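A.B. asks: Protein chains in written order, with the working numbering: chain B, 1 to 145; chain G, 146 to 539. C-beta: ideal position from N, C-alpha, C; glycine also. Note that this is a predicted model, so its numbers are computed, not measured.
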Amino acid sequence: MSDWSQVTRPIPVPNEWTRPFWKAAKRGVLALQRCQSCGHFQHPPYATCTQCVSTDLKFEPVQGRGAIYAYTIMYHTGDKRFASAVPYASIIVELDEAPGALLAGNLLGAEYTDAKVGRRVEIVFEKLNDDITLPQFRLAATERG
Amino acid sequence: MWENRCKVALSGVGFSKVTRSADIPLAAHALVAVKEAVADSGLRIEDIDGLATYPELPATGHAEVDGISIVSVNCMMAMLKLPNLAWHIQVGTVNIGGAVQQAANALLAGVCNYAVVWRAMHNPRGTYQNLPGQYAAGAAQFTAPYGFGGPGQGMAVAYTRWLERHGQSREKMATLAVTQRQHTQHNPHAYFYGTPLSREDYLASRMVAYPFCLFDCDIPVQGAVAIVLTTAERARDLKPRPAYLAGYGQRLHFEVAGRIGSLADYMEGGRSSAKLTWERSGFGPADVDVAQIYDGFSASVIYGLESYGFCKEGEALDFIQDGRIELDGDLPLNTFGGSLGTGRIHGLWHIIEGALQASGRAGSRQVKDANVSFVGASAPIVTGTTFIFSREPY
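Rendered as structure tokens:
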């Protein structure tokens, strides 16, 4: 299992588009940007709805259950901040409620070889500091056996 | 069909040495390549009246110093002191293919007569993707905290999607790496000229970002390549046989910054660019005699072959087997070795090879009857451009 204890993750810097995402995450809630005009969820946040170009966008809570859309297993130690964790799985998750919105994460609490396209995952939260809590993923109970 | 089909031609080509380390300033590499391209056309430097490039350094966390780590239009103007300079541009949205297209447009508009386009690439000392930061701002705030560092991982995630959705295995990619390395042995300018690669070497090589092993990634190098573009009429009076530009396209698919891993984005980008190219040129995939498809990371070739229409989605790794992409195969591919063979110079070398094949100037790697020559000059997703060069002006 990848050892994350020595990893120094770069701290996200919220901006005017992304601040609600990080405020919600701090409360243990996954909130994604949703178009109030056509109902489309999108991630990463954007200035306009990427479907209908409306600017009426709000962040709404989602359940945080979905499937691994894609993944990579990192072996290269060029990024020294993550060198102690290799090999590790970086995954891309598509949520059930937000098709097309792709969230990055790591597969926590599992072997990196457990990362497979289509496997069910659920949200967990990893506190980085007093301001920033990082949405992360673990295998769903049905996958953990 | 495009009214300007075959009205512009690629004439001269030039190459600097390709070295692993930056022992001389990048500007010196670029100057060698440009002078060689001009001489190859039989022109004098003072004949050149148009300049275009895409100067970006794709390595993260290194300073862009003009003449050292990039070679801007300004830098080239300072070195060449062109008395007749009439037009120049640096492009942003579609990599070096965009610079070539802009130069073609300038020639068609009649604002210059002989345009030079170059691509100069630097290999900085230390780690190529230098990511020491404590913070992740902008688009990286949603990727860097999870260890997504360089473009290789971004392409690797789409590749696992492709492999597992289509029930394919990465071992089949050995054929691409080995075939391209064989082609490299016919290209003395390439970094890996003189260094063969076996299937066993590929399969035993260390993993970098699964599914990419070392030989799925082009090696960062220092070097430059350059071309002379001119109107078809002028090109016929120059030294080399011209390669006529039958059509071109660029990706039109909208990209959301920071969104990574979407296989659909690669495919849409490639389809949009190829559609324009087929329509403008009047050719289709079945007409193509030889193809160069950008291979900074090997999986880019999969997305290219499928989205440009050479094979169906999910079939690219089967398509490249059984000698099809060898020099005497049905679709000789990356006949100069590709970026995997030459080193990381981006897509201008693919464009050069596409033109050399069309004009019959590819030497010992010349494909027989290469009348219609296709080029996909960058990864289809963000920076993709596509071109068709033809031997005859039709």
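1) If you draw a straight line from the alpha carbon of THR133 (chain B) to that of GLY292 (chain G), how long is it in whole angstroms?
2) Is the segment 439-456 of chain G in contact with the segment 509-527 of chain G, if contact means three or more CB pairs nearer than 8 Å?
3) If we count Cβ pairs, one from each stretch, closer than 8 Å, do we get three or more for the segment 223-240 of chain G versus the segment 194-204 of chain G?
4) Does the distance from the CB of GLY414 (chain G) to the CB of GLY297 (chain G) come in under 7 Å?
5) Would you call the CB atoms of VAL373 (chain G) and GLY157 (chain G) closer than 7 Å?
6) Please tell me whether GLY195 (chain G) and TRP232 (chain G) are closer than 7 Å, where the distance is taken between their beta carbons.
7) Should VAL62 (chain B) be labelled buried (16 or more other beta-carbon atoms within 10 Å of its own) or exposed?
8) To the nearest angstrom, how far is it from the Cα of GLY406 (chain G) to the Cα of TYR71 (chain B)?
9) Alpha carbon to alpha carbon, how far is GLU191 (chain G) from THR480 (chain G)? Give it in angstroms, no decimals.
10) Using a C-beta to C-beta distance shorter than 7 Å, which residues of chain G count as neighbours of SER90 (chain B)?
11) Are at least three pairs of beta-carbons, each pair with one atom in the segment 456-475 of chain G and one in the segment 310-328 of chain G, less than 8 Å apart?
12) Where are the alpha helix (DSSP H) runs, 4 residues long or more, that stay fully inside the segment 359-412 of chain G, in chain order?
13) Which of the three DSSP states, helix, strand or coil, is assigned to LEU348 (chain G)?
14) Taking 7 Å as the CB-CB cut-off, is ALA265 (chain G) touching chain B?
15) Might you give, ordered along the chain, the residues of its own chain that have their beta carbon closer than 7 Å to the beta carbon of ALA377 (chain G), omitting 5 neighbours on each side?
16) Please name the residue, chosen from B:GLN6, B:ARG144, B:HIS43, B:LEU107, that lies closest to ARG404 (chain G) on a Cα-to-Cα basis.
17) Pull up the distance between the alpha-carbon of ALA24 (chain B) and that of LEU30 (chain B), whole angstroms please.
18) Exposed or buried, CYS38 (chain B), counting other C-beta atoms within 10 Å across all chains shown (16 or more means buried)?
19) Are THR164 (chain G) and GLN367 (chain G) closer than 7 Å when you measure CB to CB?
20) Give the DSSP-derived three-state secondary structure of MET74 (chain B) in the structure shown.
21) Should ARG404 (chain G) be flagged as near chain B, meaning a C-beta pair shorter than 7 Å?
22) Whole angstroms is fine: what's the gap from ALA98 (chain B)'s alpha carbon to ALA104 (chain B)'s?
23) Give the secondary structure of SER166 (chain G) by DSSP, where H, G and I count as helix, E and B as strand, and everything else as coil.
24) Interface residues of chain G around ILE123 (chain B) at Cβ under 9 Å?
25) From the DSSP output, in three-state form, read off TRP263 (chain G) for me.
26) Using only CA atoms, which one of G:ARG326, G:MET412, G:TYR336 lies nearest to ALA550 (chain G)?
C.D. replies: Per the coordinate set shown:
1) Taking the first residue of the first sequence as 1, we reach residue 133 (chain B) at position 133. Taking the first residue of the second sequence as 1, we reach residue 292 (chain G) at position 147. Using only the alpha carbons, I get a separation of about 16 Å.
2) yes
3) Inter-segment contact for the segment 223-240 of chain G and the segment 194-204 of chain G is present: three or more beta-carbon pairs are separated by less than 8 Å.
4) On the second sequence, position 269 is the one that residue 414 (chain G) refers to. On the second sequence, position 152 is the one that residue 297 (chain G) refers to. Cβ distance not < 7 Å, so GLY414 (chain G) and GLY297 (chain G) don't count as in contact.
5) As a position in the second sequence, residue 373 (chain G) is number 228, starting the count at 1. As a position in the second sequence, residue 157 (chain G) is number 12, starting the count at 1. In this structure, VAL373 (chain G) lies near GLY157 (chain G), with their beta-carbon atoms less than 7 Å apart.
6) Residue numbering aside, residue 195 (chain G) sits at position 50 when the second sequence is read from its first letter. Residue numbering aside, residue 232 (chain G) sits at position 87 when the second sequence is read from its first letter. Yes, these two residues count as a Cβ contact at 7 Å.
7) Here residue 62 (chain B) corresponds to residue number 62 of the first sequence, with the count starting at 1. Buried.
8) The residue labelled residue 406 (chain G) in the question sits at position 261 within the second sequence. The residue labelled residue 71 (chain B) in the question sits at position 71 within the first sequence. Rounded to the nearest angstrom, the two C-alpha atoms are 8 Å apart.
9) The residue you call residue 480 (chain G) lines up with position 335 of the second sequence. The residue you call residue 191 (chain G) lines up with position 46 of the second sequence. CA-to-CA, the gap between THR480 (chain G) and GLU191 (chain G) works out to about 33 Å.
10) As a first step, residue 90 (chain B) is located in the first sequence; it is residue number 90 there, counting from the start. Correct list: TYR291, GLY292, PHE293, GLN298.
11) Counting Cβ pairs under 8 Å, three or more are found: they touch.
12) Counting only runs of 4 or more, we get 377-380.
13) Taking the first residue of the second sequence as position 1, residue 348 (chain G) is located at position 203. Of the three classes helix, strand and coil, the one that applies to LEU348 (chain G) here is helix, per DSSP.
14) The residue you call residue 265 (chain G) lines up with position 120 of the second sequence. No, ALA265 (chain G) does not count as interfacial toward chain B.
15) Position 232 of the second sequence holds residue 377 (chain G). Answer for ALA377 (chain G): CYS151, LYS152, VAL153, ALA154, PRO387, TYR389, PRO538, listed in chain order.
16) The count along the second sequence starts at 1 and reaches residue 404 (chain G) at position 259. Proximity to ARG404 (chain G) across B:GLN6, B:ARG144, B:HIS43, B:LEU107 peaks at B:HIS43, based on C-alpha coordinates.
17) For this step, residue 24 (chain B) is matched to residue 24 along the first sequence. For this step, residue 30 (chain B) is matched to residue 30 along the first sequence. So the alpha carbons of these two residues sit roughly 6 Å apart.
18) Residue mapping note: residue 38 (chain B) aligns to position 38 of the first sequence, counting from 1. The residue is exposed, with fewer than 16 neighbouring Cβ atoms inside 10 Å.
19) Working through the second sequence from its first residue, we reach residue 164 (chain G) at position 19. Working through the second sequence from its first residue, we reach residue 367 (chain G) at position 222. Judged by their CB atoms, THR164 (chain G) and GLN367 (chain G) are nearer to each other than the 7 Å cut-off.
20) By 1-based counting over the first sequence, the position of residue 74 (chain B) is 74. Residue state, collapsed to three classes: strand.
21) Walking along the second sequence from the start, residue 404 (chain G) turns up at place 259. True, the Cβ-Cβ gap to chain B drops below 7 Å.
22) As a position in the first sequence, residue 98 (chain B) is number 98, starting the count at 1. As a position in the first sequence, residue 104 (chain B) is number 104, starting the count at 1. Rounded to the nearest angstrom, the two C-alpha atoms are 14 Å apart.
23) Position 21 of the second sequence, counting from 1, holds the residue named residue 166 (chain G). When secondary structure is reduced to three states using DSSP, SER166 (chain G) falls in the coil class, being assigned neither helix nor strand.
24) Walking along the first sequence from the start, residue 123 (chain B) turns up at place 123. By Cβ distance, chain G contributes nothing, its closest Cβ being about 13 Å from ILE123 (chain B), past 9 Å.
25) Counted from its first residue, the second sequence places residue 263 (chain G) at position 118. Here TRP263 (chain G) sits in strand by DSSP.
26) Nothing can be reported for residue 550 (chain G): it is not among the residues displayed for chain G, which extend from 146 to 539.
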